[in-house]
Amino acid sequence: MLLEREAELASAAVRLRGAAAGHGSVLLVEGPLGAGRSSFLEALAQRAERFRVLRAQASRSERWLAGGVVDQLVESAGCDEATAEAGSGRRSREDAPRGPTAERVPLGTVLEGLPGEDGVLVIVDDLHWSDAESLAELSRSVSERRGRRVVFAFSLPSGAVPDPGSVLRGLVDGADVRIGLRALGPGSVRHLVEAALGGPADEAFVEALRVRSAGSPLMLRSLLDEAYALGLEPRAEHAELARTLRSDPLCQYLSAFLRSRPGSVRRVVHALCVLGFEADQRVAARLAGLNTPGYTEAVGSLDLWGLGRPGADGSGTLVWDALADGIPADDLTVLRNHAAVLLHRAGHPMEAAAGHLLAVQTLRAPQAVRILRAAAGSAQARGAPRDAARYLRKALSDGSCTGLLRARVLADLVAVEREFATVAALRHVVEALPLFDSARDRGAIAVQLGPLLYQPAESGIAVLTRDLAAELGSADAGDGAAAELALRLEARHYALGDQDPVILRAALRRLDGLGRRPPVRTQGERELLSALVHVAFVTNNASAERVADLGGPLLALEPPDPRHAHTPLPLLVNALTAAEHTEMTVHWLDAVGRRVDPRGTGAEAAVLRAERALVALSHGRTAEARRAVVRPDAVPDPEANALPAICSAILAIVTLHGDEPELAEEFLTGDPPRRQDQYHAALLHMARGLLAARRRRDPIALHHFRTAGERLERIGWTNPAVLPWSSRAALLHHRLGNQEQALAAGQFELERARRWGAPSAVGRALVALGRVTPGRRGTAVLAEAVSVLEGSTNLDELCRALYAYGSREGVEGRRAGEALRRARALSVVCGADRVTQQIRVQIGRSPAAPELTPSEARVARLAANGLRNADIAQRLQVSKRMIERYLTNAYRKLDISGRDALPPNIGTE
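In the working numbering, the protein residues as written are 199 to 1107.
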């Protein structure tokens, strides 16, 4: 069945009727590649029921057969005598001499002698491939058509423009009617889809095939054959796959078609397949090896053949995909390398040139590395480090990228990989270091990564930074750049060696040597002081007040840049939050956050979330801290092969504070092995100790707590704010009946906490000591803990102290009740679920939330789970203003600042 050709067939039928009346004519059927010219001629033959039909199919491979097309016509007429007489005429032009025309019965004579009620229909498909003898014979017969009952129907591609003065040109120009075939519309496409695949067909699927084929019957049939072979059904869910269908037979057909075109056209097709249709015409012409007029003429031929650029909706892409598939692999490699050079020379964006180099397996362009490095710089400038890394990795594959050039490419790669592929970045630092000649170059790449991203035990980088710092520090006193680099390397040396007692002692001496007001004018000075303050904090050799005194001015001068994640600055943030010096820290982190994608998965976003979690923990808002770092909605990044060390540690600390030791253990055991990281091991023992204690396996729990302490003591980390292992051991000793050991462990932590001086650390130690101290003395210690923690920013520690005091036997009833009620309210604010449940049991009440109405509790719960006000309003079918009112009431009753402080379980029983 021929679709959407009724008008054209009606026009041809008029000529058939005219021929029956003795008015012969010539029909020329034109159309782009795949438009269905052959099908149209066949449909015309079926309509010529009372005509004798002669058929011939010209082909490129048979152009050497003298009189071949005429022989086909004669043979199809069934004229035995004519065929016998003309048989000797079919011979090779090269292998046989041309016989005189008299050897073959003239076509005109054959036409006159054929029986037919209405006349004769002569069909020649692909007239342009006819041999010269046949064209001459057809020309003579056509010239005699007047007064004869004959119709000549020839087909020709739209772009086949014969040479002026040729016989073929005369046949084309002498046509009485020219019929152009157009693309199929949506209705016809639907009909063919349903006939081939079974209906009904979804509109999205039909449209996908229409766009892909551009309505070409040939292309559409090829796609339908492929869809049938793949078992696709014409449903909406298969529409996306339909947009990418390809056909091997079609590729072969188009390759053969292209081989028949002039060389200039083939080269233009190849150039456009490589560059795309929006390419600079000058570049495309040069890639095709043509001048501007030659290129314009070739493009015009493509348009005539129906091979013009795809439509704005992507229609016609199948043809060009098939043509591209037909380019030999070696030719494509050469073209893409050449295209990159041409685009670069023409001043096009570097990434446009580099894209062609990414698409080849072998780099052959003389400036490939230069182009790829420049493209990486452009990608990094637009905030696309992964694209930049792809360009640089490709540059490393070039055979010319060796020695110092390779080192520089590796340095560029480290600068972009450190954001999302930290292990790869470290590996490339180690590879690049021996390739550089100077200490300054080696130092420059070594400081690309901050101490949080290194794994010193595996890379030996700590020793390297020390040696490089010493070498650069001994440079000329006037070399400020070398001195600055030496300070940054020294900072990394101390930070990376923070578990080596020898390096810790050297760092403390260095801090003492800087005086009461260390210099913080330059980046190197600030990085050095950050590392030294970190050492002083973990070793408990500086009070919380001193840490705040050193770190506050430093943070005030440090620009709020997400790239601080690649320096020792996060270690300073950790120390400041432990010292409860958070006001300036919060403002600084907020400024950093305005430059980071909140849903980012890179190292900079991960470190920022970890730092914000530390601030939240310092304020005792456990639920808020958990939301910052435990992200179930995060999309896994296949290239992010390791979290910075501080992030995995903080994940564990947050979940330990949230009474989720099983989750902490999962984080710590899932982290890449840190064989000599004693702090990591201590955290793991802490998590396993809490798990054992929960299961009432007290001796095992005590062993884990003591082992955690031994790990930290071994490396000189004595600050209980780092990990309060001794207070946990005190509680286990008490539960096992070891009273003296319990008091000793509690007192041990309290002494160290007082030396540190932060109220949260002191109050936590007092709570543990008070719980293991019998009688009024223990009650007094708990009261002191509450008093100390009233001056702390840590609401969670205050909540736990109030709970311990309110549930203590011997505390007067009114005071106990007031303490428990305050503890309950604070536990909801902090999101301390287990503490909330314990307090509910203690006071015999279990409200959904403190004095919240059911509507307020429901809205607060939805907001805590991440829904926006508009989403909540739509779900509950109330106005947005009403949602805002409910939330405002909930914040006021819970005494919190906003939705970030809402615990996720609010409003549940």
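The C-beta atom is built at its ideal place from N, Cα and C for all residues, glycine as well.
DSSP places Pro355 in the strand class (E or B) of the three-state scheme.
Within its own chain, the residues whose Cβ lies closer than 6 Å to the Cβ of Arg1022, once the five positions on either side in sequence are excluded, are Ile1037, listed in chain order. Annotated as proximal: Val1033 and Arg998, with beta-carbon spacing under 8 Å. Counting along the chain, Val370 sits inside the alpha helix (DSSP H) bounded by residues 365-371.
Taking Gln255 as the centre and dropping the five residues before and after it, the same chain places the C-beta of Asp323 closer than 6 Å to its C-beta, in chain order. Taking C-beta atoms under 8 Å as the contact rule, Arg962 and Ser925 qualify, at a distance of about 6 Å. Secondary structure in the segment 523-601: the alpha helix (DSSP H) runs of 4 residues or longer, each lying completely within the stretch, are 527-543, 548-556, 566-579, 583-594 in chain order. In this structure Asp610 touches Leu590 by the C-beta definition: roughly 5 Å separates them, less than 8 Å.
A residue is called buried when at least 16 other Cβ atoms come within 10 angstroms of its Cβ; Phe475 does not meet this threshold and is exposed. When beta bridges are read from the DSSP output, Ser223 appears opposite Val349. When rounded, the separation of the alpha-carbon atoms in Gln578 and Asp896 is 54 Å. Fewer than three Cβ pairs drawn from the segment 776-785 and the segment 716-734 lie within less than 8 Å of each other, which leaves the two stretches out of contact. Rounded to the nearest whole angstrom, the C-alpha separation of His468 and Ser728 is 58 Å. In its chain, beyond the 5 residues on either side, Pro649, Ala729, His732, Pro766, Leu769 have a beta carbon closer than 7 Å to the beta carbon of Ala693.
For Asp639, the enclosing alpha helix (DSSP H) covers residues 637-644. DSSP lists Ile321 as the beta-bridge partner residues of Arg253. If you check the CB distance, Ser499 and Val463 come in under 8 Å.
In the DSSP annotation of this structure, the continuous segment of the alpha helix (DSSP H) that includes Gly678 starts and ends at 678-694. Assignment of Glu858 by DSSP, reduced to helix, strand and coil, places it in the coil class.
By the beta-carbon neighbour count (other beta carbons within 10 angstroms, threshold 16), Arg480 is exposed. The DSSP-derived three-state label of Arg344 is strand. Listed as beta-bridge partners of Gly378 by DSSP are Glu228.
Contact between Leu1000 and Val970 does not hold, since the beta-carbon distance rounds to 18 Å and is not under 8 Å. Going by C-alpha positions, Glu615 is about 43 Å away from Gln450. A distance below 8 Å separates the beta carbons of Val1057 and Tyr1084. Here the C-alpha atom of Leu666 lies approximately 6 Å from the C-alpha atom of Ala637.
With a threshold of 16 other beta carbon atoms within 10 Å, His626 meets it and is buried. Collapsing the DSSP output to three states places Leu263 in a strand.
At the C-beta level, Ala705 and Val745 stay beyond 8 Å of one another. Excluding residues up to 5 positions away in sequence, Gly968 lie with their Cβ nearer than 6 Å to the Cβ of Gly976 in the same chain. In the DSSP annotation of this structure, Arg203 is not part of any alpha helix (DSSP H), being labelled neither H nor E. Leu651 sits in coil when the DSSP states are folded into three classes, being neither helix nor strand. Here the C-alpha atom of Leu428 lies approximately 13 Å from the C-alpha atom of Ser420. Annotated as distal: Gly232 and Ser364, with beta-carbon spacing of 8 Å or more.
Taking 8 Å as the cut-off, the beta carbon of Leu201 is found closer than this to the beta carbon of Leu382. With 16 or more neighbouring CB atoms inside 10 Å of its own CB, Trp954 falls in the buried class.
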